[in-house]
Amino acid sequence: MPLRGPLRRPALALPPSALLSSNNVVTKTPLRKSPLPRSVVLRQRRGHATHLPVPDTRPKTAIFFPGQGVQRVGMLTPWLEAFPSTTSEIIDEIDSVVGYKLSDVIQNGPGKDLNLTPNAQPAIMATSIMIIRILEKHFNFRVQDNAHFTLGHSLGEFAALVAGGYIHFQDSLRMVQKRAEAMSNATRQAEEMYGGEYGMVALVSSDSEHLPPLIAAIHEFVGYDSAGSKVESADDWSPIDQVLIANVNSKTQIVLSGSISRIKTLVAHVRQFLGHDPRAVRLKSDSPFHSPIMKPAVGVVQEMMARNSMVKGRENEDIVMFPGKVTCISNVTARPFESREQLKDLLARQAVETVQWWDSIKYLDQSMKVRRWVGIGPGYVGRNLVGKEVGMRGKDVVKGGGVWAITGPREIEEVLRGLEETDFYEDDEWQDAWDRWD
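Each residue of the sequence shown is one higher than the one before, counting from 565 in this note's numbering.
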């Protein structure tokens, strides 16, 4: 989707607590930037024929959102201190939608309560959208004016759909809350019925060439590729047998989800018969997300998607607005959502499907030529995953762009400056675009 105007960054008026931090890592290579204003360059290149249409020459931009695991007690504090009036309004809205003081859990904990899925998921999603609201109100930064794509990792997909203009924040927050409750209940029921532990384990390979045979071996071992495509038959599998590749995060990292004892057996099988030894890391997760055990969450989302919006003034309208304002990438297909009905289907199925994060990043990087990546929300996990995939190319790092993250107010100026500095770079692709107009 074309950008609709230049980035307009007003003078910053942050309090001392929100001064610029150097925590954010920017990866960009300065190219030949024109010393003249853009309008002058455009007139020069077109022989003053300003009545002709002008191609969008700025690097494509993707905004992405984090999933569960990035929550921490007090993560709202910097935003409350820097923007008290705006955050107060949003917190009231959040607490009203979920029906209890979620903001107190976020701010005061204890951590064991915040880490519970029914609290963690709405907390992360709400914090991400709070940051978007602050950028819009205080910095005139609207997603639809400054991004070509949105995407989110697992839970983050709900924030991406809100930011992209597909689902209203309140509808999405309710859906996240009910979905999280269904996930937590499903895990508890599996434990009560079958015993054992359920969770997630990351497998990290030292060589990207090991990943395809590793995935193939796991699929062969568990006996099926995708629970999501077999939701109806998932009941045929006892939870002790239900293990799935939950995430393909990068060219060297996947995440397994399901019975911990079954996962341990699988890892031992891989180490014995596959010829290499991936590092296994148990994740801090209280549920086996994206495994067949999460099937009840699919039904919850399907049922809510079948309703109209619950937002005041939209009660007679479909909960999904399609098309949205910015192209959004699906976790399941690693491609843009194509229709309202497909969006509803994929968003529901996502709970038991593999998150194709690596394929999503490859698609945007290689096919769509995205060069600017901005993470919005708590934590740096997403920024690090994206940066590793698109920013580690020897000396040629993210040509004409960068990888940034806004996790707190101190990073806003750096990110907006980075976007402004890379807003109009003159590289080979830019030159080719103009040559086609001549």
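No residue lacks a Cβ here, since even glycine has one placed at the ideal position from N, Cα and C.
Remember, predicted model here, so these are calculated numbers, not experimental data.
Could you round the C-beta distance between residue i and residue j to whole angstroms and report it? I think they count as a contact, below 8 Å.
| i | j | result |
| --- | --- | --- |
| Q734 | V875 | 5 Å |
| G966 | T986 | 6 Å |
| V707 | V890 | 6 Å |
| W937 | V945 | Wrong, their Cβ atoms sit about 14 Å apart, outside the cutoff. |
| V786 | V765 | Actually they are not in contact, since the Cβ atoms of V786 and V765 sit about 13 Å apart, beyond 8 Å. |
| Y730 | L907 | 7 Å |
| V654 | R697 | According to the sequence displayed, residue 654 carries Ile and not Val. Correct: roughly 6 Å between the Cβ atoms. |
| P942 | Q671 | Wrong, their Cβ atoms sit about 13 Å apart, outside the cutoff. |
| F703 | I976 | 7 Å |
Just the C-alpha distance for residue i and residue j, rounded to the nearest angstrom, thanks.
| i | j | result |
| --- | --- | --- |
| A810 | D850 | 14 Å |
| D774 | T816 | The amino acid occupying residue 774 in the given sequence is His; Asp does not appear at that position. Their backbone Cα atoms lie some 8 Å apart in a straight line. |
| M565 | N813 | In this prediction, M565 has a pLDDT of 45, which is less than 50 and means its spatial position is unreliable; nothing more can be read from the coordinates. |
| T651 | V864 | 30 Å |
| K742 | F988 | 44 Å |
| P630 | M639 | 14 Å |
| D656 | A781 | 49 Å |
| H712 | T829 | 43 Å |
| S873 | E879 | 5 Å |
| D882 | R843 | 46 Å |
| G982 | V934 | 15 Å |
| K701 | F647 | 10 Å |
| W922 | S821 | 17 Å |
| E756 | H854 | 20 Å |
| K676 | D668 | 14 Å |
| G760 | L715 | 34 Å |
| I824 | V862 | 22 Å |
| A690 | W643 | 13 Å |
| P860 | R871 | 18 Å |
| L666 | S660 | 9 Å |
| R957 | I695 | Summary for R957: the model assigns pLDDT 48, below 50, so the residue's position carries little reliability, and this model does not support an answer. |
| R835 | G728 | 42 Å |
| I857 | R974 | 40 Å |
| P852 | N749 | 12 Å |
| H833 | M747 | 29 Å |
| L767 | E784 | 17 Å |
| R752 | S931 | 42 Å |
| E984 | V831 | 46 Å |
| E902 | H732 | 19 Å |
| P682 | A626 | 28 Å |
Which residues in the same chain have their Cβ closer than 6 Å to the Cβ of residue i, if we skip the five residues on either side of it in sequence?
| i | result |
| --- | --- |
| R899 | none |
| L910 | S894, V896 |
| F886 | R904 |
| S736 | F722, V726 |
| Q914 | N895, V896 |
| Q866 | A912 |
| F705 | L699 |
Note the first and the last residue of the continuous alpha helix (DSSP H) segment covering residue i.
| i | result |
| --- | --- |
| L680 | Taken as a continuous stretch (DSSP letters only), L680 belongs to no alpha helix (DSSP H), as it is neither H nor E. |
| L980 | 976-985 |
| G863 | 859-869 |
| Y758 | 733-758 |
| E953 | 945-954 |
| Q973 | Note that residue 973 corresponds to Pro in the displayed sequence, not to Gln. Run containing P973: none; DSSP gives neither H nor E here. |
| H783 | 775-786 |
| T641 | 641-646 |
On the DSSP bridge assignment, give the partners of residue i in chain order.
| i | result |
| --- | --- |
| Q906 | Q906 pairs with nothing; no bridge assigned. |
| K624 | V934 |
| G966 | R936 |
| F703 | Paired residues: none, contrary to the question. |
| G716 | F629 |
| L808 | S821 |
| V919 | N811 |
| Y664 | The partner list for Y664 (beta bridge, DSSP) is empty, contrary to what the question assumes. |
| D882 | N872 |
| T891 | F713 |
| P900 | I893 |
Take residue i and list the residues in its own chain whose beta-carbon comes closer than 7 Å to its own, dropping the five residues that flank it on each side.
| i | result |
| --- | --- |
| P777 | L838 |
| Q685 | Q632, L719, V740, A744 |
| I688 | P630, Q632, V634, Q635, L719, G941, P942 |
| N948 | none |
Is any beta-carbon of chain B found at less than 8 Å from that of residue i?
| i | result |
| --- | --- |
| Y762 | Within the model displayed, chain B is absent; a lone protein chain is all it includes. |
So the beta strand (DSSP E) residue i belongs to, where does it begin and stop?
| i | result |
| --- | --- |
| S823 | 817-823 |
| Y762 | 762-768 |
| V845 | 843-846 |
How about residue i: is its Cβ closer than 7 Å to a heavy atom in the ligand FAD?
| i | result |
| --- | --- |
| T621 | This structure simply doesn't include the ligand FAD, nor any ligand for that matter. |
In its own chain, which residues sit with a C-beta less than 8 Å from the C-beta of residue i, not counting the 5 before and 5 after it?
| i | result |
| --- | --- |
| P674 | V637 |
| D771 | T816, H840 |
| N679 | Q635, K848, D850 |
| F628 | T714, L715, G716, H717, G720, A724, W937, V938, G939, I940, G946, V950 |
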